[in-house]
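In what follows, a single structure is set out as structure tokens and then discussed.
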Amino acid sequence: MGNCCNSVVNFFGRQKNTNVRVSLPAVCFVWQIAMIVLFGVFIRYDEESDAHWVEFKQENNITSDIENDFYFRYPSFQDVHVMIFVGFGFLMTFLKRYSFGGVGFNFLIASFGLQWALLMQGWFHSLDPATGKIYIGVESLINADFCCAGSLIAYGALLGKVSPVQLMVVTLFGITLFAVEEYIILDLLHCKDAGGSMVIHAFGGYYGLAISWVLYRPNLHQSKRLNGSVYHSDMFAMIGTLFLWMFWPSFNSAITDHGDGQHRAAINTYLALASSVLTTVAISSMSQKRGKLDMVHIQNATLAGGVAMGTAAEFMITPYGSLIVGFCTGIISTFGYLFVTPCLENSLKLQDTCGVHNLHAAPGMLGGFIGAIVAAAASESVYISVHVSLKSSEVLINVRFSLFKGFILRFPIWGDPADDNCFDDEVYWEVPEEEETIPPVLEYNNHMIHKHQDM
Amino acid sequence: MGNCCNSVVNFFGRQKNTNVRVSLPAVCFVWQIAMIVLFGVFIRYDEESDAHWVEFKQENNITSDIENDFYFRYPSFQDVHVMIFVGFGFLMTFLKRYSFGGVGFNFLIASFGLQWALLMQGWFHSLDPATGKIYIGVESLINADFCCAGSLIAYGALLGKVSPVQLMVVTLFGITLFAVEEYIILDLLHCKDAGGSMVIHAFGGYYGLAISWVLYRPNLHQSKRLNGSVYHSDMFAMIGTLFLWMFWPSFNSAITDHGDGQHRAAINTYLALASSVLTTVAISSMSQKRGKLDMVHIQNATLAGGVAMGTAAEFMITPYGSLIVGFCTGIISTFGYLFVTPCLENSLKLQDTCGVHNLHAAPGMLGGFIGAIVAAAASESVYISVHVSLKSSEVLINVRFSLFKGFILRFPIWGDPADDNCFDDEVYWEVPEEEETIPPVLEYNNHMIHKHQDM
Amino acid sequence: MGNCCNSVVNFFGRQKNTNVRVSLPAVCFVWQIAMIVLFGVFIRYDEESDAHWVEFKQENNITSDIENDFYFRYPSFQDVHVMIFVGFGFLMTFLKRYSFGGVGFNFLIASFGLQWALLMQGWFHSLDPATGKIYIGVESLINADFCCAGSLIAYGALLGKVSPVQLMVVTLFGITLFAVEEYIILDLLHCKDAGGSMVIHAFGGYYGLAISWVLYRPNLHQSKRLNGSVYHSDMFAMIGTLFLWMFWPSFNSAITDHGDGQHRAAINTYLALASSVLTTVAISSMSQKRGKLDMVHIQNATLAGGVAMGTAAEFMITPYGSLIVGFCTGIISTFGYLFVTPCLENSLKLQDTCGVHNLHAAPGMLGGFIGAIVAAAASESVYISVHVSLKSSEVLINVRFSLFKGFILRFPIWGDPADDNCFDDEVYWEVPEEEETIPPVLEYNNHMIHKHQDM
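Protein chains in written order, with UniProt numbering: chain B, 1 to 455; chain L, 1 to 455; chain W, 1 to 455.
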């Protein structure tokens, strides 16, 4: 566990400099200063978070402060916030020696991402043409957190294989692309996607996969010893899983219409998630010798019901409809972990550390179709074709754009790790010495051995 | 840690087949499909989560969406949801090698239980006779979570000794019995028990104890090496403890009356819990050599105040009355862990892994009495006799029913573990190899030893 | 890990008796009984949590239960509650063998502290002169939690070096002093400090530092082997960090004015915190060889933006103003960990285990100044001088009072640990044996060695 991991030239002669002492501070400082300047120019409080709320209330015949949007949405916002930082963060701590990187880089890129998202989403969705300003309130914060989710999903595919500087770049481009894509889907095509099956999950999943494809590492097996979990790292990941699972009803209902919209979205998501758990357990048990459960499935596929319910959550999909969605996606997602991930790696040269294809991309696509079908059943048949064509085009944009970006990310300036020290916190973190691993008995052994040698 | 744990015939010749590869998927699939069908027949959105909310608002002169029950109860619902999945789940991770089972099976049975609870509670409490439908909203979700709590408490007594298939059966019967018992207590006898001291905690505790008694394992000492904690498993359990402790005010106030009812229930529970912590620490310190604290007490007995305040939380019990309740139950619960659990095991042949007797059964009973006394003091004296006779009868139903069910659970088809591999995740989970446990120094040792041997 | 740690006379001849078997239960019992008596005399439900709410509503023309203060503040209260118990508790689990003490003693002293705070704050701020009673509601609970925060911050400076009995005394005095200080600042000087930059963070920080200074241990290096983290203890600490970080917007908005006040406070804090993360990462990376990040910085300095935004959160500081505050405090706090903590220890003989100076004291002071400047900019120029003089006097009161108390705490009756067993859970907790640390391979080694010896 020494400094050897940082060697500039690794065993296989490929030159990799993982020193980010200049690039990481530079990116953080310059981008944060840019955020301050851009916020200064563009971002203001909206009428519900501004001191003029008192007059706004009178003008709009609002009788009580409780009707401020804050009280409709703030509890959901906090649940979403927990999902972004604890949920996604801890879900990525399952690797035995990459837990710092999982939760720490997630923290960094989400903190940058939400600022950039407030700007990008503001420019596309809510720039006031009269004043040239973006007015933000609690709903903007939720949308910014949503926007981050897309980039964090992409991080799941790249986990352990990229440097924090590359992640910042991935986030910058991801948020930008997200805002464009969201604008096309929600504002131009007038689709509804409150929980973001398509705009967040399918987008984030394919975005991450495309980058991972471009950054394919043929010798990644050199880090195989670190690409797995230990007992307690799996427990930390369960913290992430459960907070995502529990708060997904808030995620899908956070920005739906006040009243029955939020109420119904929460119920539907709650039911779909419960149903996912049972089918995930069923397939996981069937697939293993002696019916043993696999933690990878429990940590991930149980969440697929929430992803797939994103688009349709606020629709009148009925409670049993929600159960069916969860039933199917739990099966699909677990099969994905069993068969699609190995296949992607072997055939398509796509290394997907967290299996985001199975948790986000596929269930997100499915969620888009479910939304289209439900909307069509409500006699808006035009939706189907829109959705389908949309998905294809979205994916195409994604792939093309990512190819370009992947090309950029391959420049040898980013400080990414060599193939034989991927998945290792030693590269970017000061890791404490584990003196505990040498129990007292051992020292006795050593002593004995030395005595023998002296004999 | 090898495959030896799965041997069909164990050291002591008793045949145990822990292979659940057929039974677990079968139960999950069949029951989930049954849920979908029953939901299709019976469950619909209520008027506050249905698209007809707009008309409902007009008919009932509701001026603002904020008066949708969603905004009164959703934050409490989410807190309760965290208690069920993270609170109960992580509280059961304290065993050194059964953390996957603790949090994972809790996740599975709660996900099934909440669906079955929506049906059972619907049939007993809210079936519309005109339409034959059950209409659900956020309050139904809270009640379903409550209902699960009973079965999760029972799991606490059985932790490490049963298979996931047995747990599903325990949950199915537990939820059914719970709905009947709740119907008798709340609807027929018109008792109040908003936080469920009796209907949830005393019920769940005695239900689990009765099953554990029937499933008594005389040779459980063969798993003694695994029936304990390690340093970090105790830390994971503290996550469960703290989320239960912090959100208990939401648990006891979640379904009380709007306005002062919810407000007062939260205050009373907050105070009772704070008081419990101090007396738990006091008794724990007194009981140990040199005054050292025992993590088992801190993880469990600190919660007793919340359990005991369940029935009386919304009553005008006064703030100091709440402190007194917490004071007494903290003492009683810690004494339970010190004296009653060993006594139950030795004399009554009752193996209670998590000590649910001390945390749920006894404080729950006490909570029922406290509720009766407070209600009586408010000149509703009839309550006392009702409560007392009730508890006896409840317990009797529980024991008789559990005897029957215990008999069923003893059939050799459930895949439960042999006495010498209880409390072991190896039986039902793919457990990662801990290569970390052999530090580099050791390999050097091995090398040295081989050299010696070659000499 | 044996009993040696409890030796009455340690290696260096200094007598330390860490037996708290009499003192800890005595303090817990007597103080809890005192709380019950004082609550009986003074504390009652306020009009919004009392059964007279129905009449109160009619008298005040309140049309809906949703306008009960419970619905404005309860979600924020629960977030604050999580910060106090999970946030502060887990943030202090980073030491390799003091995690039980970190989270467990935090639990104990916060549970006592919130009761004493309800009384002290009641006497100073809301004693009804007509009835001689204190009327409590959800806002009182939030204030009580805030009040605890001051003492928990002080615990951060003392972590691992004091006994639980000493901590109870520190909390008793800390809450008392807090209530006085808060009364002077908020009620007499009419300053605004909703998020408590000054009254909570600067106060708690300097209070802890002053006590730590008085309790200076010249031989603390004897415990150096335990004054550090291991891989998974750093992960537990990240749970604390993230829950503090995510819920800080609730902390700073919990008791601000209904409507736009709460809304704006949440937005400002959210932005300041995001900005802190980037500058913390930048400085942390710059300061280390090869740009590696230090977990101590990520766990602590990322929160500085929330501390510094406490006073000004509800002001019209503008979104970019919030980003600037976070930008600066992230830098200042990380520099504090790099340079000020070592300097404090070497020059001023001040041992600050968690670095509360850098996270709470300095950013809290800064927060006070920021609040003053913003208020002044809103043409209330008198604020500046008030704040400045205030901070000086506050610190002076703190230091003088702490000197007196430090003198008391040095009496040899408190059961505090000797210099060579600080930071060790063995002293006050029953710690499980880690049989896992001897892997099977080792036993083989032992066997081999014995064979060699027999040769």
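Backbone N, C-alpha and C fix where the C-beta goes; we use that ideal spot for every residue, glycine too.
- Near chain L, meaning a CB-to-CB distance below 7 angstroms, the residues of the stretch 111–123 of chain W are Ser111, Phe112, Leu114 and Gln115.
- Within chain W, the residues Glu48, Ser49, Asn68, Phe70, Gly137 and Val138 have their CB atoms less than 7 angstroms from the CB of His263 of chain L, given in chain order.
- For Ile185 of chain W, there is no enclosing alpha helix (DSSP H), since its DSSP letter is neither H nor E.
- For Glu430 of chain B, the chain W residues whose C-beta falls within less than 8 angstroms of its own C-beta are Gln288, Lys292, Leu293, Asp294 and Met295, listed in chain order.
- Contact check for Cys148 of chain B against Ala110 of chain B passes: the beta carbons are separated by less than 7 angstroms.
- The C-beta separation of Ser275 of chain L from Phe327 of chain L comes to about 5 angstroms, placing the pair in contact by the 8 angstroms criterion.
- Distances from the alpha-carbon of Asp424 of chain W to those of W:Leu366, W:Thr63, W:Gly160 and W:Ala308 put W:Gly160 closest.
- DSSP places Ile134 of chain W outside any alpha helix (DSSP H); the residue lies instead in the beta strand (DSSP E), whose first and last residues are Ile134 to Ile136.
- In the structure shown, Tyr45 of chain L adopts extended strand secondary structure according to DSSP, grouped into three states.
- Here the stretch 229–236 of chain W does not lie against the stretch 104–119 of chain B, with fewer than 3 beta-carbon pairs under 8 angstroms apart.
- For the 7 angstroms CB-CB criterion, Trp116 of chain B and Ile62 of chain B do not form a contact.
- For the stretch 316–336 of chain L, the set of positions with a beta-carbon nearer than 7 angstroms to some beta-carbon of chain W reads Met316, Pro319, Tyr320, Leu323, Ile324 and Phe327 in chain order.
- Annotation for Leu244 of chain L: Met83, Gly87, Phe88, Leu91, Leu303 and Gly306 place their beta carbon closer than 8 angstroms to its own, counting only its chain and skipping 5 residues before and after.
- Distance from the Cα of Val374 of chain L is smallest, within the candidate group L:Asp50, L:Thr318, L:Val431 and L:Tyr74, for L:Thr318.
- Around Asn19 of chain B, the beta-carbon contacts reaching into chain W at under 8 angstroms are Arg290 and Gly291.
- In the DSSP assignment, Leu293 of chain L forms a beta bridge with W:Trp429.
- About 17 angstroms separates the Cβ atoms of Leu38 of chain W and Leu141 of chain W, ruling out a contact at the 8 angstroms cut-off.
- Residue environment analysis places His221 of chain L among the exposed positions, since fewer than 16 neighbouring C-beta atoms fall within 10 angstroms of its C-beta.
- Apart from sequence neighbours up to five positions away, the residues of its chain that approach Leu114 of chain L with a beta-carbon distance below 7 angstroms are Ala144, Asp145 and Cys148, ordered along the chain.
- In the DSSP secondary-structure assignment, Leu127 of chain W is bridged to W:Ile134.
- Using beta-carbon distances, Tyr155 of chain B does not count as an interface residue toward chain L, since no partner is under 7 angstroms.
- Annotation for Met309 of chain B: Gly195, Asn252, Asn268, Thr269, Ala272, Ser322, Val325 and Gly367 place their beta carbon closer than 7 angstroms to its own, counting only its chain and skipping 5 residues before and after.
- Counted as a single uninterrupted DSSP element, the alpha helix (DSSP H) harbouring Cys328 of chain L occupies residues Pro319 to Phe335.
- Assignment of Asn252 of chain W by DSSP, reduced to helix, strand and coil, places it in the helix class.
- Shown here for Ala266 of chain W: same chain residues with a beta carbon closer than 6 angstroms to its own, the five before and five after excluded, namely Pro249 and Ser253 in chain order.
- Under a 10 Å Cβ-count criterion, Phe339 of chain L is classified as exposed, with fewer than 16 other Cβ atoms of the shown protein chains found around its own Cβ.
- Counting C-beta pairs closer than 8 angstroms gives fewer than three between the stretch 126–134 of chain B and the stretch 26–38 of chain B, which falls short of the contact rule.
- The shortest CA-to-CA distance from Trp414 of chain L to any of L:Pro164, L:Asn421 and L:Ser151 is the one to L:Pro164.
- Cβ contact annotation for Thr279 of chain L (same chain, cutoff 7 angstroms, sequence separation greater than five): Phe327, Gly330 and Ile331, in chain order.
- Contact check for Ala301 of chain B and Ser333 of chain B: beta-carbon distance about 4 angstroms, within the 8 angstroms limit, so the pair qualifies.
- For Asn227 of chain W, the CB contacts under 6 angstroms within the same chain, skipping 5 residues up- and downstream, are Phe423 in chain order.
- Of all residues in the stretch 241–255 of chain L, only Thr241, Leu242, Phe243, Trp245, Met246, Phe247, Pro249, Ser250 and Ser253 place a beta-carbon less than 9 angstroms from a beta-carbon of chain W.
- Just so you know, the alpha carbons of Leu158 of chain L and Leu242 of chain L end up roughly 22 angstroms apart.
- Between the stretch 64–71 of chain W and the stretch 348–356 of chain L, the count of C-beta pairs closer than 8 angstroms stays below three; the two stretches do not touch.
- Neighbours of Gly89 of chain L across chain B, judged by C-beta separation under 7 angstroms: Leu242.
- In the three-state DSSP reduction, Tyr231 of chain L falls in the helix class (H, G or I).
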